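Reviewing the structure listed below.
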Amino acid sequence: MKINWYTKKLSQSSPPESKPSSSSSGDAGERSTDGEHLPMVHRTWMDDIVAEHQQDGGFDSLKNKGKPLDLGTDNSYDAILNRTLKEANVRPQWLQLQHEIYDELRLLLKTIKNDPEADVDLKQVQAKVRMYNATCPHPSLQKPSPTRENIARITSFYAADADDE
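Just so we're aligned, residue 130 is where the sequence shown starts under our numbering, counting upward by one.
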């Protein structure tokens with residue numbers, strides 16, 4: 130009998146009887162000593178870490194343990210992933226960029242009239258707006274690029290979105 134790590138694991142949980150194994154060249158899986166086919170087990174290092182953590186009692190004190198998961202009505206992969214990210218306070222890149230632009234616009238709005246070098250900062254914000262417009266999920270969410278003349282009006286667009294969250 131060929132022994133490898135998963136046959137050792139299986140034999141540790143329930144020792145097989147000592148019967149001779151017959152092996153033919155057409156077997157799909159390996160045979161244990163009692164002639165039964167062993168299941169083909171594919172374990173990763175992460176499976177081992179989780180199993181060890183579970184044996185050490187790491188999952189015993191979890192909040193809501195034993196209660197059903199509230200998956201809502203939309204159980205699609207995207208809906209579950211989005212809900213999980215939202216609960217973990219993870220923002221998509223485009224939304225994070227929107228907040229950065231708003232913060233920079235508010236600071237720039239205070240200094241742009243008195244600081245002739247604010248054009249450098251304005252160009253950086255304009256580049257971020259272009260990046261935001263390229264990555265936001267829908268064209269209706271795109272924002273106009275700020276200029277010296279329209280910066281107050283543009284800042285209000287971002288302020289309305291920041292208030293929604």
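Virtual Cβ for every residue (Gly too), placed ideally from N, Cα, C. Quick caveat: nothing in here was measured; it's all calculated off a predicted structure.
{"query": "Do you know whose CA, among LEU238, VAL258, PRO273 and THR276, lies nearest GLN222's CA?", "result": "VAL258"}
{"query": "Using three-state DSSP, classify ALA217 as helix, strand or coil.", "result": "coil"}
{"query": "In terms of residues, what are the limits of the alpha helix (DSSP H) holding THR372?", "result": "Because the chain is modelled from 130 through 294, residue 372 falls outside the range shown and cannot be assessed."}
{"query": "Here's the rule: buried if 16 or more other CB atoms are within 10 angstroms of the residue's CB, otherwise exposed. What is VAL254?", "result": "buried"}
{"query": "Using a Cβ-Cβ cutoff of less than 7 Å, which residues in the same chain neighbour ASP248 once the five nearest sequence positions on both sides are dropped?", "result": "none"}
{"query": "Report back the beta-carbon spacing between LEU251 and PRO275 to the nearest angstrom; my notes put them in contact at under 8 Å.", "result": "7 Å"}
{"query": "Please state whether DSSP places ASN211 in a helix, a strand or coil.", "result": "helix"}
{"query": "Taking the alpha-carbon of ASN262 as reference, which of TRP174, HIS171 and ILE230 has the nearest alpha-carbon?", "result": "ILE230"}
{"query": "Using the Cα positions of PRO268 and ASN243, report the straight-line distance between them to the nearest angstrom.", "result": "34 Å"}
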